[in-house]
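Residues 1 to 539 (UniProt numbering) are what the sequence shown spells out, left to right.
In this text, a Cβ means the ideal position worked out from N, Cα and C, and glycines have one as well.
The structure displayed is predicted, hence computed values, not measured ones.
Below: one structure, written as structure tokens.
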Amino acid sequence: MNSTLSLNRPVRNYTLGSFKNPKLIEARPSRHQLRSHLIDFSKLKWFGNVNSRTGSSVQQQLRDYSCESRRITSRRIRVSSNDAQFGSFPNKGGAESSSFTEFITSERVKVVAMLALSLALCNADRVVMSVAIVPLSLAHGWSRSFSGIVQSSFLWGYLISPIAGGTLVDYYGGKAVMACGVALWSLATFLTPWAAENSLLALLFARAMLGVAEGVALPCMNNMIARWFPSTERARAVAMAMAGFQLGNAIGLTLSPILMSQGGIFGPFVIFGLCGFLWVLVWLSATSSTPDRSPQISKYELDYIMNKRQKSHAVESKPKTKMIPPFRRLLSKMPTWSLIVANAMHSWGFFVILSWMPIYFNSVHHVDLRQAAWFSAVPWCMMALTGYSAGLWSDTLIRNGTSITLTRKIMQSIGFVGPAVALVGLTAAKTPSTASAWLSLAVGLKAFSHCGFLVNLQEIAPHYSGVLHGLSNTAGTFAAIIGTVGAGFFVELVGSFQGFLLLTSLLYFLAALFYIKFSTGERVNFDESGQYHSHHINT
Numbered sequence: 001m002n003s004t005l006s007l008n009r010p011v012r013n014y015t016l017g018s019f020k021n022p023k024l025i026e027a028r029p030s031r032h033q034l035r036s037h038l039i040d041f042s043k044l045k046w047f048g049n050v051n052s053r054t055g056s057s058v059q060q061q062l063r064d065y066s067c068e069s070r071r072i073t074s075r076r077i078r079v080s081s082n083d084a085q086f087g088s089f090p091n092k093g094g095a096e097s098s099s100f101t102e103f104i105t106s107e108r109v110k111v112v113a114m115l116a117l118s119l120a121l122c123n124a125d126r127v128v129m130s131v132a133i134v135p136l137s138l139a140h141g142w143s144r145s146f147s148g149i150v151q152s153s154f155l156w157g158y159l160i161s162p163i164a165g166g167t168l169v170d171y172y173g174g175k176a177v178m179a180c181g182v183a184l185w186s187l188a189t190f191l192t193p194w195a196a197e198n199s200l201l202a203l204l205f206a207r208a209m210l211g212v213a214e215g216v217a218l219p220c221m222n223n224m225i226a227r228w229f230p231s232t233e234r235a236r237a238v239a240m241a242m243a244g245f246q247l248g249n250a251i252g253l254t255l256s257p258i259l260m261s262q263g264g265i266f267g268p269f270v271i272f273g274l275c276g277f278l279w280v281l282v283w284l285s286a287t288s289s290t291p292d293r294s295p296q297i298s299k300y301e302l303d304y305i306m307n308k309r310q311k312s313h314a315v316e317s318k319p320k321t322k323m324i325p326p327f328r329r330l331l332s333k334m335p336t337w338s339l340i341v342a343n344a345m346h347s348w349g350f351f352v353i354l355s356w357m358p359i360y361f362n363s364v365h366h367v368d369l370r371q372a373a374w375f376s377a378v379p380w381c382m383m384a385l386t387g388y389s390a391g392l393w394s395d396t397l398i399r400n401g402t403s404i405t406l407t408r409k410i411m412q413s414i415g416f417v418g419p420a421v422a423l424v425g426l427t428a429a430k431t432p433s434t435a436s437a438w439l440s441l442a443v444g445l446k447a448f449s450h451c452g453f454l455v456n457l458q459e460i461a462p463h464y465s466g467v468l469h470g471l472s473n474t475a476g477t478f479a480a481i482i483g484t485v486g487a488g489f490f491v492e493l494v495g496s497f498q499g500f501l502l503l504t505s506l507l508y509f510l511a512a513l514f515y516i517k518f519s520t521g522e523r524v525n526f527d528e529s530g531q532y533h534s535h536h537i538n539t
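Below is the structure:
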């Protein structure tokens, strides 16, 4: 709108836009350094005595504009205050920081919650056999060593898929590969009762297929978190996903005896298999492979993730990964071997505890199967809680200036040395309650490893995190097979679970020393041949 005002000075044309010009309007600077358009009408001296209808209209529009500016400024200040309240970085451009409320209600947390559910199903399907093996052994007359072979059949399949699955994840993305993996392992779980009724060979094949399918779970989790979370939130995200992984152990160990008492030995296999099929339907319809493909994500969250991604050189900034990764160069770097050793030791301890603790409580402390399952389940609940606490602490250390390398070494040292000490205490326990307390401490502190080597995979090789996870998982599976089968033969030959636990404790100490010596939190250049060198990660 144009309005010509007579103010006893040369006539000039003013538009409403000209009154927004900061050269014409004197505005008080904002404490929050936000652009302010608040107008003090007493200072608009060029109006003089404006009595015309046009002048009044202009003044009214300016008042309306000023009120709207106050409301916008107020909203901006509230957002800034919310961000500052949780110790976030300053909000520059609206995409630098994320409040706790925004984080919990965000689309990326929905993705990690779905990942946590899939990992819970992964472990529930896996751990059912640890409970069912007791009545199956009695029914078929299996020895301890043969029971170990039956339980390890899962690991035969798990040995095959991580490298191939990790390569597929890097090439096709975590969403599609995870959906295929969950569908396949749910089918294998669902068919286990039929396989067990027909032949031992069919049972071993069904468990091996379960292992093949579950081998892609953790590489998919790592891939999705690397795509959806900035580096300052990844430890928390991994901890949340792995909390579901550990709760799956607790769910499987506690619900399996109950379901068996109501629906027979194979009741939990059917229930957990059906739950997996339901998860696949929700996953495919409610999530996206990357933030920029999500129709539900808010513009604020997308800007926040993309801004952080540019600073941390995330996966999507690089052209599509080659189908055949550079295995030779991956294995030529000592940080790779630090991850392989860490994963191997983590898997050794994990599967020994997961597979043998119900039998340990049953045979050493003479508790019945249902009580043994409960005593074995408590530590996994502890692991879920300590894992999230470790994630928060890890992210806080990095935000406060601690180097990524030192943070990962601190987390991994706690994750290995803590269980080593606790397992020594477990061997001396005289009652089931004391044994469960030591086991809870061992497994709880073990969760710190998730903020050590497991997050470290994304940091040293963001473009090859899937295949690198597959390599380390394969080594971990070898270690798990040796530990699971070896425990059975060790107990038969020596007659003592305690001796095998002391051996595991010693291995934990040695693995911690190796990781401290050779690990790094910096990006390793795997695309060039030559000696080890790295690029510092900008956090």
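Mapping DSSP to helix, strand and coil, what is residue i?
i: V112; result: helix
i: V50; result: Note on V50: pLDDT 43, under 50, position unreliable in the model; no value is reported.
i: V524; result: strand
i: W142; result: coil
i: G391; result: helix
i: N400; result: coil
i: T431; result: coil
i: A437; result: helix
i: F229; result: coil
i: F245; result: helix
i: I265; result: coil
i: I271; result: helix
i: D292; result: helix
i: G252; result: helix
i: V367; result: coil
i: A27; result: Residue confidence for A27 is low, a pLDDT of 42 falling below 50, so the modelled location carries little weight and cannot support an answer.
Nearest CA to the CA of residue i: which residue from the options?
i: L392; options: W156, M114, A235 and G215; result: A235
i: G401; options: I516, T232 and L278; result: T232
i: H346; options: T254, S440, C275 and Y508; result: Y508
i: P335; options: L136, E107 and F453; result: F453
i: W337; options: L513, P135 and S118; result: L513
i: V109; options: L210, M178, G166 and M240; result: M240
i: Q498; options: W356, S294 and I404; result: W356
i: F526; options: G349, A442 and P326; result: P326
i: V364; options: G267, T405 and S496; result: S496
i: S106; options: L117, E301, S449 and G181; result: E301
i: T405; options: C122, T189, V341 and S519; result: S519
i: V177; options: L284, I251 and L117; result: L284
Within a Cβ cutoff of 6 Å, which residues of the same chain sit near residue i, ignoring the five residues on either side of it in sequence?
i: Q246; result: W380, M383 and A384
i: G94; result: With a pLDDT of only 42 at G94, under the threshold of 50, the placement of this residue in the model should not be trusted; the figure read from the coordinates follows. So no residue of the chain qualifies.
i: T477; result: L155, Y158 and L159
i: G488; result: R144, S145 and G148
i: G444; result: M382, M383 and T386
i: A183; result: V280
i: S186; result: G273, G276 and F277
i: L203; result: A195 and A196
i: G166; result: P219, G466, V467, H469 and G470
i: V417; result: A512
Return the first residue and the last residue of the alpha helix (DSSP H) that residue i is part of.
i: Q498; result: F497 to F518
i: T287; result: Run containing T287: none; DSSP gives neither H nor E here.
i: V417; result: I404 to T427
i: A206; result: L200 to E214
i: T105; result: First-last for T105: undefined, no H or E at that position.
i: P335; result: M334 to V364
i: V494; result: S465 to V494
i: I460; result: F453 to I460
i: R329; result: F327 to L330
Got a sec? Which residues, its chain only, sit under 7 Å from residue i by beta carbon, not counting five neighbours each side?
i: A237; result: V112, I225 and F229
i: L218; result: H469 and N473
i: L354; result: V127, S130 and N249
i: Q33; result: Unreliable placement is indicated for Q33, whose pLDDT of 44 sits below 50; the coordinate value is still reported in the next sentence. None.
So, under 8 Å CB-CB, residue i and residue j are touching, yes? Tell me the CB distance rounded to an integer number of Å.
i: N223; j: G173; result: 7 Å
i: D170; j: G466; result: 4 Å
i: G521; j: R408; result: 5 Å
i: N134; j: W142; result: First, the amino acid is wrong: residue 134 is Val here, not Asn. Not really, about 10 Å apart at Cβ, beyond 8 Å.
i: F205; j: A196; result: Not a contact, Cβ separation roughly 11 Å.
i: A390; j: P419; result: So it is not a contact: roughly 13 Å between Cβ atoms.
i: T504; j: L423; result: 6 Å
i: A188; j: M209; result: 4 Å
i: T427; j: L501; result: 5 Å
Got a sec? Which residues, its chain only, sit under 8 Å from residue i by beta carbon, not counting five neighbours each side?
i: L259; result: G267, P268 and I271
i: L330; result: T336, A461, Y464, V467, L468, L471 and F526
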